[in-house]
Every structure is written in C-alpha cells, then in structure tokens.
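Engineer:
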Amino acid sequence: MVITSKEHISNSKKGVDNLLYEVRSLLEDVDERSLNMPENINKWSILQCLKHMSFAIEVYNKNIKEALDSGRHKVPAPNFKSHWKGDMFTKMISPKPNGEVSRPMRTFSSMNPVQILNPEIVVNEFFTLYEEFGALIERSAEYNLNSIKINTALGPLVKLRLGDAYRFVIGHAERHLVQLKRIKASLNQVAA
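In terms of full-length UniProt numbering, the sequence shown opens at residue 1 and continues consecutively.
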C-alpha cells in the first residue's frame, strides 16, 4: 500500500476518533454491574476488554513517544509505503470488512486483565491512553513514517514501520470493538 503520509496520518487519526466515539456510545447505557459481567464463561467483560486494549496501547504509546522524542527521522517522507510485515500483521489482527473476526487469537498472559475491575478507573484510563495515541499520530506528521521502526508488544525482535504500527494498533482496536459490541449484545439478551 502506498499513500501520502498526510492522508495516512489523517486516516489513522480518524480511526482513533471513530473508535473513541463508538466506545463512548457503547458505554452510554451500561450500568456498573454489567460492565464487569462477562459475555460467557471463559470470556471477557466490557471492562476486561477495555483494560486489555489499554495494556496494548500503553506499550505502543511508550514506544512511539520514545521514537519521536529521539528526534531521528524528523524529515517527513511525502508518501508512506507499507512493509509486507506490516501488511501481514494488520491483516492478521483486523476484522474483515464485514466486521467478522475470523482468527481467534490467544492473549499474552501479561495482557490478560483481572476479573473484577473499577469501572471509573478502567474507562478513564482507556480514553486517556487512546487520546494520547491520537496526539502522537498528529505529532508524527513531522516525521518519516517509513524510517522510524517501532517495537511491537513482542519486544525488539519484531518491529514495524511507524505507519504500519498505526495500522496494526487501529486494527487491534477495531477487532476488540467488534468484541465489545458482541459483549453488549449478550448483556442486552440477558436483560430481556
């Protein structure tokens, strides 16, 4: 995929803004007790899903911030060209265009949330971290999205181009947005 860097940054920021809007809408009419109610046995609750998303974005925010703060590659490239590795990881993690999540994935134990969580803390943390991610995307307009390499949650063994890291993180968030909607639908069925 080749796209102008400016357009890629704009699309990425829109992806984050859309995620935040969708999650806010989803949470509007869910009470505190229901937020901690799992979809099913051995499945997550809405809060556990949000906490997992926060664990993941925290890693990327830290790595992206460190890369931008280093000041290297502070000459933006006119275009962003995705790498095959970024394409593969993004395709693997993202839901299909129809919203289906075709490949179940196991979560690293370090990113597994505890069972009962404080709604206010988890929700505030989620929005704070994703708003920070959106700000980092905007800040990166001054940098080369192709040259900066970001460690993934797998550590320094697997790195993605900065522009690919945006695609991957947003794909991961969209995957869990599908899950959040499914959890909420299951809560609505229980309430009915």
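Where is the CB? At the ideal position from N, CA and C, for every residue including glycine.
These numbers were taken from a predicted model, which means no experiment stands behind them.
(1) If you run the structure through DSSP and keep just helix, strand and coil, what is ARG24?
(2) Buried or exposed, going by whether 16 or more other CB atoms sit within 10 Å of the CB of LEU145?
(3) For the alpha helix (DSSP H) containing GLY86, name the first residue and the last one.
(4) Any contact of the region 81–98 with the region 168–183, i.e. 3+ C-beta pairs under 8 Å?
(5) Beta-carbon within less than 7 Å of PHE80's beta-carbon, same chain only, minus the 5 sequence neighbours each way: which residues are those?
(6) Confirm, please, whether the CB-CB distance from ILE150 to TYR60 is below 8 Å.
(7) Going by CA-CA distance only, name the one from PHE127, GLU120, ALA165, GLN115 that's closest to ASN40.
(8) Nearest by alpha-carbon distance to ILE148: which of PRO119, VAL178, ASN63 is it?
(9) For a test of your reading of the model: does the CB of GLU58 fall under 7 Å from any non-hydrogen atom of the ligand GTP? Yes or no.
(10) Quick check: what's the CA-CA separation for CYS49 versus LEU180?
Structural biologist: In short:
(1) ARG24: helix per DSSP, three-state reduction.
(2) Counting of Cβ neighbours within 10 angstroms places LEU145 among the buried residues, the total reaching 16 or more.
(3) 84–93 is the extent of the alpha helix (DSSP H) around GLY86.
(4) Taking 8 Å as the limit for Cβ pairs, the verdict is that the region 168–183 does touch the region 81–98.
(5) The residues are ILE3, SER5, HIS8, LEU145, ASN146, GLY163.
(6) It is a contact, given that the beta carbons lie within the stated cut-off.
(7) Measuring from the Cα of ASN40, the nearest candidate turns out to be GLN115.
(8) The option with the nearest alpha carbon to ILE148 is ASN63.
(9) The ligand GTP is absent from the structure shown, which contains no ligands of any kind.
(10) Near 7 Å, if we compare the C-alpha coordinates of LEU180 and CYS49.
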